[in-house]
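Protein chains in written order, with this note's numbering: chain A, 1 to 113; chain B, 1 to 115.
Even glycine gets a Cβ: it sits at the ideal position worked out from N, Cα and C.
See the structure below:
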């Protein structure tokens, strides 16, 4: 089944404790992206990657890092999480011939206390 | 830069009635795609419908149709015969043509279907 897999689904952590949210897709998509969703703000892009070793900032990159060492994986790293990074995070992938835009992961609900 | 505006934070509709969710967009790209996604309370993003900027006809998918008015830069979603399961957050999104894959989202509309 074609899918984007994010882990974990839920995470509660403390301020300053480094964490990684994993994202993997099995569709050989070139493009991957991370979004955060906050009430009243919709989804905002954090980082994206056009292909292996090619990443760039989205609209709200502060406090986040990403890497793309393999085509299928695009982890989101929070080196020192803060409470304002409490949010719902989505990973998504796409390709030039993807009629439906993006395939989204199931989301990761992160709470930083 | 692209921008999506959804002016209705919340909407209510009676079961079995039709409802229109508004979406306007702003872009200077000649080619683009417009999407609607549904997000139920469980949180996943569900693709509903797509409209290309050069498509001559309005897109339809079952009970969903997209009222595309290019000159007015609007892409409203029409849900016919609403069901209780349609209660969810709905997002309008836009993707430019070419090699830019970025999806820009509106802030969403929370639809509640009343029995």
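Cut-off 6 Å between Cβ atoms - residues of its own chain near residue i, not counting five sequence neighbours on either side
i, result
"residue 2 of chain B", "27, 94, 104"
"residue 34 of chain A", "46, 47, 76, 91"
"residue 30 of chain A", "51, 95"
"residue 18 of chain A", "79"
Test item: CB-CB of residue i and residue j under 8 Å
i, j, result
"residue 24 of chain A", "residue 84 of chain A", "no"
"residue 18 of chain B", "residue 87 of chain B", "no"
"residue 76 of chain B", "residue 5 of chain B", "no"
"residue 59 of chain B", "residue 65 of chain B", "yes"
"residue 101 of chain A", "residue 47 of chain B", "yes"
"residue 38 of chain B", "residue 90 of chain B", "yes"
"residue 84 of chain B", "residue 13 of chain B", "no"
Continuous beta strand (DSSP E) stretch holding residue i: start and end
i, result
"residue 51 of chain B", "46-52"
"residue 57 of chain B", "Careful: residue 57 of chain B lies outside any beta strand (DSSP E) and carries neither H nor E."
"residue 51 of chain A", "42-51"
"residue 88 of chain B", "88-96"
"residue 24 of chain B", "24-26"
"residue 1 of chain B", "No beta strand (DSSP E) contains residue 1 of chain B, which DSSP labels as neither H nor E."
"residue 12 of chain B", "10-14"
"residue 64 of chain A", "Segment: none, residue 64 of chain A is in no beta strand (DSSP E) and carries neither H nor E."
"residue 92 of chain A", "87-94"
"residue 68 of chain A", "Unbroken run through residue 68 of chain A: none, as it is neither H nor E."
"residue 32 of chain A", "31-38"
"residue 109 of chain B", "109-114"
Separation of residue j from residue i, as counted between CA atoms
i, j, result
"residue 40 of chain B", "residue 53 of chain A", "34 Å"
"residue 80 of chain A", "residue 107 of chain A", "21 Å"
"residue 113 of chain A", "residue 44 of chain B", "24 Å"
"residue 89 of chain A", "residue 37 of chain A", "6 Å"
"residue 106 of chain B", "residue 8 of chain B", "11 Å"
"residue 11 of chain B", "residue 39 of chain A", "16 Å"
"residue 76 of chain A", "residue 64 of chain A", "7 Å"
"residue 49 of chain B", "residue 30 of chain B", "20 Å"
"residue 55 of chain B", "residue 11 of chain A", "42 Å"
"residue 3 of chain A", "residue 62 of chain A", "28 Å"
"residue 96 of chain B", "residue 109 of chain B", "22 Å"
"residue 7 of chain A", "residue 20 of chain A", "9 Å"
"residue 63 of chain B", "residue 113 of chain B", "15 Å"
"residue 115 of chain B", "residue 82 of chain B", "10 Å"
"residue 1 of chain A", "residue 27 of chain A", "9 Å"
"residue 101 of chain B", "residue 13 of chain A", "32 Å"
"residue 42 of chain A", "residue 71 of chain A", "27 Å"
"residue 15 of chain A", "residue 44 of chain A", "22 Å"
"residue 32 of chain B", "residue 5 of chain A", "27 Å"
Cutoff 8 Å; reference residue i; Cβ partners in own chain excluding five residues on either side
i, result
"residue 55 of chain A", "47, 48, 49, 66, 67, 68"
"residue 23 of chain B", "4, 5, 6, 34, 36, 74, 75, 76, 77, 92, 106"
"residue 61 of chain B", "48, 49"
Own chain, CB closer than 7 Å to residue i, minus 5 neighbours either side, in chain order
i, result
"residue 86 of chain A", "110, 111, 112"
Item to check | Chain-ordered residues of the stretch 79-107 of chain A with a beta carbon less than 9 Å from chain C | outcome: No chain C is part of this structure, whose protein chains are labelled A and B.
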